[in-house]
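To start, the structure under review is shown below, and the notes come after it.
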Amino acid sequence: MKKIITTIALVTLVLGAVFAGGQKESSVKKIRVAHTNYYVPYDFVDENGNSDGFEVAVMKEIDKLLPEYEFEYYPSSDDDLLIGVLQGKYDVGTKGVWVTEERLKKYVFPKNPIGASIIGIVIRTETADEITDLRSFAKYSGKLVPIGAANAQYTVIDDYNKANPDAQVKLVAGDQFGANDGYIWVNEGRYDAYVDIKLSFQNNVLKEGAPYEQYKDKLTYIPYKGIPTWPLFNKSQQAFADAYDTAIEKLQKDGIISKLAIQYFGEDISALLD
Numbered sequence: 071m072k073k074i075i076t077t078i079a080l081v082t083l084v085l086g087a088v089f090a091g092g093q094k095e096s097s098v099k100k101i102r103v104a105h106t107n108y109y110v111p112y113d114f115v116d117e118n119g120n121s122d123g124f125e126v127a128v129m130k131e132i133d134k135l136l137p138e139y140e141f142e143y144y145p146s147s148d149d150d151l152l153i154g155v156l157q158g159k160y161d162v163g164t165k166g167v168w169v170t171e172e173r174l175k176k177y178v179f180p181k182n183p184i185g186a187s188i189i190g191i192v193i194r195t196e197t198a199d200e201i202t203d204l205r206s207f208a209k210y211s212g213k214l215v216p217i218g219a220a221n222a223q224y225t226v227i228d229d230y231n232k233a234n235p236d237a238q239v240k241l242v243a244g245d246q247f248g249a250n251d252g253y254i255w256v257n258e259g260r261y262d263a264y265v266d267i268k269l270s271f272q273n274n275v276l277k278e279g280a281p282y283e284q285y286k287d288k289l290t291y292i293p294y295k296g297i298p299t300w301p302l303f304n305k306s307q308q309a310f311a312d313a314y315d316t317a318i319e320k321l322q323k324d325g326i327i328s329k330l331a332i333q334y335f336g337e338d339i340s341a342l343l344d
């Protein structure tokens with residue numbers, strides 16, 4: 071009888087431990103993190119098929135600080151990421167996102183950005199003595215390659231014009247055109263500047279074997295400012311977005327964000343933010 075009672079007690083103890091462990095495991099919420107699979111060095115898939123990039127690395131550091139969450143990573147296309155986060159297929163997505171009024175209506179934005187990108191203008195090198203920033207460009211001609219009105223770059227230039235009424239850039243809302251037609255049009259003299267991301271200029275013009283490498287000596291890039299990049303959260307993930315804010319503030323304070331930026335970009339791009 072004592073053996074039977076002892077056995078029952080032992081089984082009960084084991085089952086209780088298993089049940090408690092199951093409860094503990096189930097209390098950890100899995101978070102589906104989508105990221106673009108090609109946008110080096112922000113978000114990409116490495117040669118071994120692993121999720122990598124600056125923003126992915128930041129999310130992995132955030133995961134370490136949030137034991138109540140477990141992150142799973144899903145490489146994705148631009149469209150799949152945006153639609154997937156909107157519809158709840160993913161809980162959060164990263165792709166070097168800039169904030170727009172339209173996106174604010176569809177997604178939860180946290181209080182703190184995840185990083186930054188550098189925006190500026192591409193000009194003909196022959197005009198570099200006269201054009202050194204947006205103000206001097208405005209006075210030179212202000213003739214800018216048209217930008218789609220829904221493009222976040224349009225907002226950047228519009229904000230500049232509002233702040234500089236005495237040095238206006240000719241901002242024209244254009245139709246969709248090839249992503250890099252601006253390089254050709256500036257080189258041909260149809261326009262005098264093209265708004266571009268520094269990383270895009272490096273990859274499309276300066277990099278060895280770049281598709282527009284023939285313009286390397288003909289075009290010059292002038293940085294304007296750093297623009298925050300943000301993770302997009304599904305509308306139901308406000309609590310998770312708040313936890314993200316707490317974690318990333320600690321990472322910023324500890325210098326980890328700057329360290330990762332230097333690792334992936336070669337410079338602390340967040341230092342360029344206003």
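Reading the sequence shown from the start, the letters are residues 71 to 344 in the numbering used here.
Idealized CB from N, CA, C, for every residue including glycine.
Note that the structure is a prediction, hence the values are computed from the model and not measured.
Euclidean distance between Cα positions of residue i and residue j
| i | j | result |
| --- | --- | --- |
| Asp324 | Phe114 | 25 angstroms |
| Gly185 | Lys329 | 12 angstroms |
| Gln93 | Pro137 | Since pLDDT at Gln93 reaches only 47, below the 50 mark, its modelled position is unreliable, and no value is offered. |
| Gly190 | Asn182 | 23 angstroms |
| Thr170 | Tyr264 | 20 angstroms |
| Leu302 | Glu142 | 16 angstroms |
| Tyr160 | Asn120 | 18 angstroms |
| Asn274 | Tyr291 | 12 angstroms |
| Asn107 | Leu156 | 19 angstroms |
| Asp350 | Gln272 | Because the chain spans 71 through 344 in this model, residue 350 falls outside it and cannot be assessed. |
| Ser68 | Asp236 | This structure cannot settle anything about residue 68, because the visible part of the chain is limited to 71 through 344. |
| Pro216 | Gly279 | 27 angstroms |
Whole-number beta carbon distance between residue j and residue i, since they are thought to touch under 8 angstroms
| i | j | result |
| --- | --- | --- |
| Tyr253 | Tyr282 | 5 angstroms |
| Val178 | Gln307 | 6 angstroms |
| Ile188 | Ile201 | About 17 angstroms; that fails the 8 angstroms criterion. |
| Lys288 | Asn250 | About 14 angstroms separates the two Cβ atoms, so there is no contact after all. |
First through last residue of the alpha helix (DSSP H) which encompasses residue i
| i | result |
| --- | --- |
| Ser270 | 268-271 |
| Ile318 | 308-323 |
| Lys176 | 171-176 |
| Lys329 | 326-335 |
Endpoints, the beta strand (DSSP E) within which residue i is located
| i | result |
| --- | --- |
| Leu302 | 289-303 |
| Ile193 | 185-194 |
| Val275 | Note, Val275: premise wrong, no beta strand (DSSP E); not H, not E. |
| Gly158 | No beta strand (DSSP E) holds Gly158; DSSP gives it neither H nor E. |
- Message: So within the segment 87-156, which uninterrupted alpha helix (DSSP H) runs reach at least 4 residues, ignoring any that extend past its ends?
- Response: 124-135
- Inside the segment 209-271 only - beta strand (DSSP E) runs reaching at least 3 residues: 264-267
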